[in-house]
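For the sequence shown, the working numbering gives the first residue as 2, with consecutive numbering after it.
Backbone N, C-alpha and C define an ideal beta-carbon position, used for all residues, glycine too.
Scroll down for the structure; my scribbles are underneath it.
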Amino acid sequence: MITVLVLNLYDPLELFRDRGCVTIENVKGKPLQTATGRVYSAAGHISSKTLDFSDQTTGNTTFLQWTSIPSIRKSFMSTDTENKPRPPKGYVPPVRDIEKIYEDDSKSAEDYSKVGDYDEALDVYGVDTMTTMDCWKSLPPVLAENIALAKYPSPRQIQRVAVPLIIEGMDVVACTETGSGKTLAFLLPIIVKCMNDKKSGAFVSQELTPYALVICPTRELAHQLFEQASKLIQNTGITAAKMYGEYAFLPNSHELVRGCDIIFCTPGRLHHFYKEQYVNFRCLRFLVFDEADLLLGEAEFMDDLDPVIKDSNFSLKTHYQAIFFSATFSSKLLDASTSYMRTRFSAIICSKKCATNKLCLQQFQRVEKDEKFTTLVEILNNRFAEVDVSRYPRTIIFVNSRVLCHELTQKLLEIGLPATRISGNYAQNERIDSLYDFRNGVSPILVTTDLFSRGLDIKDVDLVLNYELPWHIGGYIYRVGRVGRVKLGESLTFIDPTYDKQIVLDILQLLQVAHHPVSCYLDEIVEEVKVNMAKEKESNFIFFDDDNKGDA
């Protein structure tokens, strides 16, 4: 008998759904809070409904997961490489001591104990049954001890689901909200399987021959993941290494020689080292794409990655597990990921309400372009008194261009505000120094571009401020995801209805998916945006803002 499989072109999950689908509820699930506000329809029309966070109505996940995220503009990379500053010769990025990393975790221990209670239910496609990991006891004792030192009380939702699937040997695509615990969800099973394979002799550490390769779109994210892995692999016999651009070539290669069971890298340095035969992947067991939508969605990244992954000397696809993690994913990118996967041994994990982190209270303010700086200074000075008279609130200010990032930081410094900046236009040593100054509170105001929006975890950020709206809704999701990662936080977005139109309606749809309370003040902005869009349609005139086209 011949079976003909007809795929629904509009449902990229069909292939996985045919093998089964299970929903994993949060065993401790509870509403975050009760708050009143407006709920918006997908078209942006205002509903009279009063919002209660206990409303568990499932949002329209298709909006974010499969249709709405465009190819992502790689705006955070410097295009003027000849004139860009370089780090000192022989530069080696500083790494925090393990004790310092654990100390930072301890400061958030109380928040860790609560944050998992609010995780969303997850749908798992590609399986018809599964057993979740509901505590750390099933992990090797030394790994469980390291987790205890990090003050993680119990697995988050994505960890409960992804860890056992990956340990079982499945390829996984995971799409859950920012701050949901995705990093641990792929690091833990890699460590467990590496420990087991070393013990059985199935894997023997060899020079420059990794067991797992974790690819990241930015150097800062690769560095952060390396630090987080370092605390987890203590006393396990596993080694980790990092490799990324502007880390001096010779000391970077020496780091790999010292041990690289798990490598954290960016695409450019990976391509360089592989081409020069400073690393080989004959024994690779894990290939991980962190922030997978960005890596798969940008041709420049894949131009570096494909010659490595598809090389005849790279590990066979049947020999390694492919893991893809992100907070946003489209059908196009899902198709791209499956080309690296063993489809019959794979699963997709999706948040039932794939939207922004519910611990972030999103607020909006109408501000005309020429009034933004004055308004920003007023807000920062007002919050200086409101939050703590001894310090400014730890604030991340997002802009769209490298030029504005520099200019805005200088203007803040000139009036005495403790600001620093990170963009693709600065040398790596400057970027790392600024990150540490911000993390340690030396410069509590960070001006940055979308370079900083992906994956970076600063736990005690008070406010994310969108000085300029990003070009697409995915950028907005990641920016506001820098706050509310383990405790309640706030985002404030400046909106100029003359320039910011379509994305405002996209944000409204996002708020509906998340069932997020918003101030009725937003009603006026919405109506003004609609009026402006109607006028443009009638006049067949489109307004372009040249100042908003820069890159990071």
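Same chain, Cβ closer than 7 Å to residue i, neighbours up to 5 away in sequence not counted
i	result
residue 427	86
residue 533	498, 499, 502
residue 183	159, 175, 177, 326
residue 97	228
residue 133	25, 161, 162, 165
residue 308	272
Inter-residue CB distance, residue i and residue j (contact presumed, cutoff 8 Å)
i	j	result
residue 218	residue 288	At roughly 15 Å, the Cβ-Cβ gap does not stay under 8 Å, so residue 218 and residue 288 are not in contact.
residue 149	residue 138	About 11 Å; that fails the 8 Å criterion.
residue 186	residue 164	6 Å
residue 237	residue 192	6 Å
residue 402	residue 419	Not confirmed; about 23 Å, so no contact.
residue 515	residue 357	6 Å
residue 239	residue 266	Rounded, the Cβ-Cβ distance is 17 Å, inconsistent with contact.
residue 222	residue 456	4 Å
residue 364	residue 469	Residue 364 to residue 469, Cβ: 16 Å. No contact.
residue 381	residue 446	7 Å
residue 429	residue 247	4 Å
residue 341	residue 310	7 Å
residue 410	residue 422	4 Å
C-beta contact flag for residue i and residue j at 9 Å
i	j	result
residue 142	residue 243	no
residue 451	residue 480	yes
residue 348	residue 113	no
residue 253	residue 209	no
residue 475	residue 361	no
residue 462	residue 398	no
residue 28	residue 131	no
residue 314	residue 283	yes
residue 228	residue 433	no
residue 346	residue 171	yes
residue 264	residue 241	yes
residue 458	residue 160	no
residue 495	residue 404	no
residue 274	residue 297	no
Start and end residues, alpha helix (DSSP H) containing residue i
i	result
residue 259	250-259
residue 160	158-168
residue 347	Per DSSP, residue 347 belongs to no alpha helix (DSSP H); it is in the beta strand (DSSP E), 347-352.
residue 275	268-276
residue 363	Run containing residue 363: none in the alpha helix (DSSP H); it sits in the beta strand (DSSP E), 361-367.
residue 428	It is not in any alpha helix (DSSP H) - residue 428 carries neither H nor E in the DSSP assignment.
residue 505	503-515
residue 244	No alpha helix (DSSP H) contains residue 244, which is instead part of the beta strand (DSSP E) from 241-244.
residue 290	Counting along the chain, residue 290 falls outside any alpha helix (DSSP H), though it belongs to the beta strand (DSSP E) covering 287-291.
Top-ranked residue by Cα proximity to residue i, from the options
i	options	result
residue 526	370, 272, 366	366
residue 466	454, 460, 475, 473	454
residue 306	272, 332, 246, 329	272
residue 250	331, 469, 91	91
residue 291	245, 392, 405, 174	174
residue 16	301, 376, 318, 335	335
residue 18	415, 483, 351, 436	351
residue 106	89, 232, 212	232
residue 339	299, 293, 384, 374	293
residue 322	487, 167, 522	167
residue 111	135, 99, 342, 154	154
residue 89	431, 97, 245	431
residue 268	377, 276, 262	276
Residue interval of the beta strand (DSSP E) (run including residue i)
i	result
residue 484	Note, residue 484: premise wrong, no beta strand (DSSP E); not H, not E.
residue 467	464-467
residue 420	420-423
residue 23	22-25
residue 392	That residue, residue 392, is in no beta strand (DSSP E); it is neither H nor E in DSSP.
residue 410	Element bounds for residue 410: not the beta strand (DSSP E) but the alpha helix (DSSP H), 403-415.
residue 399	396-399
residue 322	322-327
residue 449	446-449
residue 200	Looking at the DSSP string, residue 200 is not in any beta strand (DSSP E); the run it does join, the alpha helix (DSSP H), is 183-201.
residue 230	Taken as a continuous stretch (DSSP letters only), residue 230 belongs to no beta strand (DSSP E), being part of the alpha helix (DSSP H) at 220-233.
Contacting residues, own chain, Cβ-Cβ under 6 Å from residue i (five flanking each side not counted)
i	result
residue 413	420
residue 77	In this prediction, residue 77 scores a pLDDT of 48, lower than 50, which makes its location untrustworthy; the coordinate-derived value is nonetheless stated afterwards. Only 425, 450, 451, 452, 553 meet the Cβ criterion.
residue 21	128, 129
residue 179	328, 358, 482
residue 49	The predicted model places residue 49 with a pLDDT of 33, which falls under 50 and marks its position as unreliable; any figure quoted below should be read in that light. Same-chain partners within the cutoff: there are none.
residue 71	With a pLDDT of 46 at residue 71, under the threshold of 50, the predicted position of this residue should be treated as unreliable, though the coordinate-derived value follows. Answer for residue 71: 473, listed in chain order.
residue 116	487
residue 384	394
Same chain, Cβ closer than 8 Å to residue i, five either side skipped, listed in chain order
i	result
residue 285	211, 212, 213, 214, 315, 316, 320, 321
residue 123	24, 25, 158, 159, 162, 177, 350, 351, 352, 353
residue 136	155, 156
residue 493	364, 365, 366, 380, 464, 465, 466, 467
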